[in-house]
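The sequence shown maps to residues 1 to 204 in the numbering used here. Virtual Cβ for every residue (Gly too), placed ideally from N, Cα, C.
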Amino acid sequence: MKICLGVARGLIVIVSVAALVAGCSGGGGSSTPSSTGSSATSATPSPSPVTASPDPSTEPPWGLDAVTLPGDTQAVRAVLEALPEDIAGPVKYEAVLERFDPVILRTDDGRGTIVAFPWSRVRAFPGKPGSLAFLRTVTRDPSAQVEGRSLDARAPIVWIAWTSGPQSFAAWGDPGSLWVFLVTADSEPARATIAQLFADAASR
């Protein structure tokens with residue numbers, strides 16, 4: 001089954017509207033955030049050094065190997081709200097759709113978004129619900145140029161990093177949880193920075 005523009009650009013659009021529960025129809029727009037809103041400041045501390053392109057190994061990159069992922073709405077909100085206020089947009093939860101709106105981040109390395117949602121209510125894709133099912137869906141998208149991944153259901157975290165066109169993506173989750181965390185960025189360094197910022201926030 002073809003993923004409509006993949007889990008890449010299309011998914012962010014889907015996650016941004018009620019079409020998340022209706023499938024992939026019509027979600028082809030770019031997910032890179034616009035230039036409106038707050039801008040990054042030079043005073044923002046940089047996260048720990050990371051490699052923009054992950055090594056295609058089983059270890060989660062970007063500091064995620066040392067993180068226990070949040071597993072419910074309240075815990076997910078706490079992590080998103082712990083992102084640096086001077087570069088991250090507001091955290092908003094859509095109760096009807098049971099997911100968070102994409103949080104826009106503007107870093108020194110570029111712009112992007114991070115979104116958290118439970119992979120359980122989308123009818124357009126077959127398979128069991130959960131983060132592992134979502135990541136496996138990405139691997140079947142012909143437009144996704146996968147750079148690294150680990151889809152071992154026995155591991156504490158499953159993850160995948162890929163590019164599609166000019167944008168860079170990363171997604172991860174606890175294989176036993178419905179929650180998926182997805183980063184879309186305009187560059188690989190921005191993707192790495194946003195993922196590391198999430199890991200730092202989740203470690204607090």
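Which residue comes first and which comes last in the alpha helix (DSSP H) that contains residue i?
| i | result |
| --- | --- |
| Pro189 | 188-202 |
Rounded to the nearest angstrom, how far is the Cβ of residue i from that of residue j, given a contact under 8 Å?
| i | j | result |
| --- | --- | --- |
| Ala185 | Ile194 | 6 Å |
| Trp179 | Gly71 | 6 Å |
Suppose the cutoff is 6 Å on Cβ atoms and the five residues either side in sequence are ignored; what does the same chain contact list for residue i look like?
| i | result |
| --- | --- |
| Arg149 | Ile160 |
| Leu69 | Asp174 |
Ordered along the chain, which non-local residues of its own chain (more than five positions away) have a Cβ less than 8 Å from that of residue i?
| i | result |
| --- | --- |
| Gln145 | Trp162, Thr163, Ser164 |
| Thr139 | Val146, Arg149, Leu151, Ile160 |
Where does residue i land, buried or exposed, given buried means 16+ other C-beta within 10 angstroms?
| i | result |
| --- | --- |
| Pro166 | exposed |
| Ala153 | exposed |
| Ala192 | buried |
| Pro90 | exposed |
| Thr107 | buried |
| Gly176 | exposed |
| Pro142 | exposed |
| Ala223 | It is not possible to answer for residue 223, since the shown part of the chain is limited to 1 through 204. |
Hey, could you find the ends of the beta strand (DSSP E) residue i is sitting in?
| i | result |
| --- | --- |
| Thr68 | Where Thr68 is concerned, there is no enclosing beta strand (DSSP E), given that its DSSP letter is neither H nor E. |
| Ser206 | Within the shown structure, residues of the chain are numbered from 1 to 204, placing residue 206 beyond reach of any answer. |
| Trp179 | 179-185 |
Beta-carbon within less than 7 Å of residue i's beta-carbon, same chain only, minus the 5 sequence neighbours each way: which residues are those?
| i | result |
| --- | --- |
| Phe181 | Ile114, Ala116, Ala171, Trp172, Gly173, Phe198 |
| Ser203 | Ala66, Val67 |
| Pro129 | Trp119, Ser120, Leu178 |
| Ala82 | Ala201, Arg204 |
(request) List in chain order: all unbroken beta strand (DSSP E) runs of 3+ residues lying wholly within the region 86-160. (result) Those beta strand (DSSP E) runs which fall completely within the region 86-160 and span 3+ residues are 103-107, 110-118, 145-150.
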